[in-house]
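This note's numbering numbers the first residue of the sequence shown as 439 and each following residue consecutively.
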Amino acid sequence: MLDALFFRRWLTAAADAVDREAERLTELDSPIGDADHGSNLQRGFRAVAAVLEKEAPDTPGAVLMLAGRQLISTVGGASGPLYGTLLRRTGKELGDAPEVGPARFAAALRTGVDAVAALGGAAPGDKTMLDALVPGIDALDALDALDNSLDSFGAAREAALQGALATTPLQARKGRASYLGERSIGHQDPGATSSALLFEALAETADGAGGVSREGSRG
Ligand code: ADP
Ligand code: MG
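In structure tokens:
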């Protein structure tokens, strides 16, 4: 089962991954954007890690909703409200359950991804974060249906990464990159790249949690 601590660890791991990759995310946002994706997310996820540390919410839903609110209030770019909505909507879906299974989490995350699509009006293939989020959540769902296991997060990480890489030949149809028309072709989308990082952090966190729980202890 996944408790509040698991979700705090995930978002802290995400903040670390964003810190590590911030320069690269900003570089990807240079040819087809305004070179701020790395700094936007770095500011946002640092604030998320700080507020989670300070307030230590005690349910998965409360962790995600607080993190989402924090992203919306600290990130100026398009990605702030989109990622903020992803986390808030997912958290809302989890309600006040003290722990959730991977399958329930996957279903809630699907609702969050749908909310991102509704807010931004984008679909897979438009060269946005959805090109990593949708394959990621699809992989999570497919495997969870079989075994409800933490190992599914490894498959989701791989699917999200492949989704991000596959944005390179696409022409952007949403967001700032779409202003470039055909000139957006040939560049990997920064938002899809950061979405793959979120799945990477999730898999890392699940690896840690799975290892610990197989040994019969927590913490
Ligand atoms: P901005 O474009 O305002 O500078 P960022 O650079 O932080 O914001 O984020 C850019 C990323 O946001 C893009 O690479 C893309 O993945 C994502 N994005 C932009 N518009 C949309 C949208 N309408 N739907 C989904 N994702 C979007
Ligand atoms: Mg930008």
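Even glycine gets a Cβ: it sits at the ideal position worked out from N, Cα and C.
| Asked | Found |
| --- | --- |
| Proximity below 8 Å, CB of residue 553 to CB of residue 613 | no |
| The alpha helix (DSSP H) enclosing residue 510, as first and last residue numbers | 498 to 512 |
| Span separating the alpha-carbon of residue 644 from that of residue 471 | 33 Å |
| Burial state of residue 497, where buried means 16 or more other Cβ atoms lie within 10 Å | buried |
| Residue 445 in three-state terms, based on DSSP | helix |
| Outcome for residue 452 when other beta-carbon atoms lying within 10 angstroms are tallied against a minimum of 16 | buried |
| Option nearest residue 486 by Cα separation, candidates 633, 440, 456 and 625 | 456 |
| Validate contact between the stretch 530 to 547 and the stretch 457 to 471 using beta carbons, cut 8 Å, 3 pairs | no |
| Other residues of its chain near residue 557: CB distance less than 6 Å, five sequence neighbours each side excluded | 523 |
| 7 Å CB neighbourhood of residue 605 in its chain, flanking five on each side removed | 565, 569, 626, 627 and 630 |
| Where residue 461 sits in the DSSP three-state scheme | helix |
| Cβ neighbours of residue 550 in the same chain (closer than 6 Å, five flanking residues each side left out) | 524, 527 and 528 |
| Pick from 477, 483, 466 and 476 that is closest to residue 448, judged by C-alpha positions | 483 |
| Exposure of residue 518, with buried meaning 16 or more beta-carbon neighbours within 10 Å | buried |
| Simplified DSSP assignment, three categories, for residue 440 | strand |
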